[in-house]
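Student: Take a look at this one; I'll ask things after.
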Amino acid sequence: MSRQSVDRFDTVTMAFHWGMALVILALWGAGHVIAAMLDGPQRSELIGLHKVMGVVILVLVLARLAWRFTHRPPRSLPGTPAFERLVSSLVHAALYALMLALPLVGILLSQSAGYSVTALGFEVPILVAKDPALHELFEFSHQSLGWVLALVLLAHIGAALRHHVVLKDATLRRMLPSRD
Ligand code: HEM
Ligand code: HEM
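FYI, in full-length UniProt numbering the residues of the sequence shown are 1 to 180.
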């Protein structure tokens, strides 16, 4: 298929995709740095940044889903087997669910430890009171969801690279701005 005839995602979808991908990968890495750091001002600062950027992701994914439901993505590439279309839809749905669940559980994790969550000049409403047992549960859930995200992303990025490098089709190019 020539470059000109590629049916691309729209610019807003691409901006959401690559902007959020960058922030989410950074949040994932920062989360593990936080977990490995000893308590102190530097750790608190990094947690503060992680919380703000995590809440930004929650706001952005809501806007992204609103855009997604009102703008059709391009059709699957011709010849894509039904099974592959199904798996790809399931992986994308899982990524949207994780983009919602990780920040939500992050907020619950902070609030159940007695910390407020403030981002972009407003305080996130209190969803849960301080509760050490719940805090343990949310901490475990946030950590586990982080590993689920890593696994799903390995499949997602692996599939994108397989299409680009092995199958040499337009799957990845459809998510990249045209260079024509
Ligand atoms: C898409 C958004 C997010 C991603 C991908 C993410 C990812 C992670 C990861 C991978 C960890 C390390 C877990 C571990 O192994 O211990 C972590 C830790 C943490 N996250 Fe998030 N996070 C997100 C959003 C948030 C939000 C919105 C908050 C709070 C408002 C938050 C609060 C925390 C805190 C406090 C820790 C440290 C937990 C500890 O004490 O070990 N996260 N995050
Ligand atoms: C280097 C990293 C990444 C690459 C190469 C990549 C590549 C792609 C490509 C090629 C598509 C289009 C798939 C198609 O046409 O069926 C896509 C869609 C998508 N990607 Fe990624 N991606 C990356 C990272 C991420 C990250 C970090 C997330 C979120 C956690 C993410 C979430 C999504 C979602 C939800 C879609 C579906 C878009 C829709 O149709 O609504 N991607 N990605």
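Using N, Cα and C, we set each Cβ at its ideal position, and we do this for glycine too.
Using CA coordinates, which residue listed in Met-14, Leu-109, Met-99 and Phe-9 is at the minimum distance from Ile-126?
Tutor: Position 126 of the sequence shown holds residue 126. Here the closest residue by C-alpha is Leu-109.
Student: Compare the Cα-Cα distances from Val-148 to each of Leu-172, Pro-78, Lys-51 and Ala-94 and report the closest residue.
Tutor: By one-based count along the sequence shown, residue 148 stands at place 148. Minimum Cα distance to Val-148 is reached at Ala-94.
Student: At a threshold of 6 angstroms, does Ile-24 count as lining ligand 2 (C-beta to nearest heavy atom)?
Tutor: As a working note, residue 24 is residue 24 in the sequence shown. Within the cutoff, so yes.
Student: Taking only the alpha-carbon atoms, compute the straight-line gap between Arg-85 and Val-166 and give it to the nearest angstrom.
Tutor: The residue you call residue 85 lines up with position 85 of the sequence shown. The residue you call residue 166 lines up with position 166 of the sequence shown. Cα to Cα, Arg-85 sits roughly 18 angstroms from Val-166.
Student: When the Cα atoms are used, what is the spatial distance from Ala-170 to Leu-38?
Tutor: Here the question's residue 170 lines up with position 170 in the sequence shown. Here the question's residue 38 lines up with position 38 in the sequence shown. Looking at the two C-alpha atoms, the distance is approximately 46 angstroms.
Student: Evaluate Gln-42 with the Cβ neighbour count: other Cβ atoms within 10 Å of its Cβ, from every protein chain shown; 16 or more gives buried, anything less gives exposed.
Tutor: Taking the first residue of the sequence shown as 1, we reach residue 42 at position 42. It counts as exposed.
Student: Cβ-heavy atom distance between Leu-27 and ligand 1 below 6 angstroms?
Tutor: Position 27 of the sequence shown, counted from the start, is the residue given in the question as residue 27. Yes - ligand 1 has a heavy atom lying nearer than 6 angstroms to the Cβ of Leu-27.
Student: Determine the closest residue to Glu-123 out of Gly-19, His-17, Val-52 and Arg-8, with distance taken between C-alpha atoms.
Tutor: Translated into the one-based positions of the sequence shown, residue 123 becomes position 123. Answer by Cα proximity: Val-52.
Student: Applying the 10 Å Cβ sphere with the 16-neighbour rule, what's the burial state of Ile-157?
Tutor: In the sequence shown, the residue the question calls residue 157 occupies position 157. Exposed, because fewer than 16 other Cβ atoms sit within 10 Å of the Cβ of Ile-157.
Student: Using the C-alpha atoms, what's the distance from Gly-121 back to Ala-113?
Tutor: In the sequence shown, the residue the question calls residue 113 occupies position 113. In the sequence shown, the residue the question calls residue 121 occupies position 121. Distance between the alpha carbons of Ala-113 and Gly-121 is about 21 angstroms.
Student: Under the criterion of a Cβ to heavy atom distance below 6 angstroms, does Met-175 qualify as lining ligand 2?
Tutor: As a working mapping, residue 175 is identified with position 175 in the sequence shown. Yes, ligand 2 has a heavy atom inside 6 angstroms of this Cβ.
Student: With 16 other CB atoms within 10 Å as the buried threshold, where does Arg-162 fall?
Tutor: On the sequence shown, position 162 is the one that residue 162 refers to. Its Cβ having fewer than 16 others within 10 Å, Arg-162 is exposed.
Student: Considering Ile-57, what are the terminal residues of the alpha helix (DSSP H) in which it resides?
Tutor: Translated into positions along the sequence shown, residue 57 becomes position 57. That run of the alpha helix (DSSP H) goes 41-70.
Student: Can you check whether the CB of Leu-46 is closer than 7 angstroms to the CB of Ile-57?
Tutor: Position 57 of the sequence shown, counted from the first residue, corresponds to residue 57. Position 46 of the sequence shown, counted from the first residue, corresponds to residue 46. Against a cut-off of 7 angstroms, the Cβ pair of Leu-46 and Ile-57 comes out as no contact.
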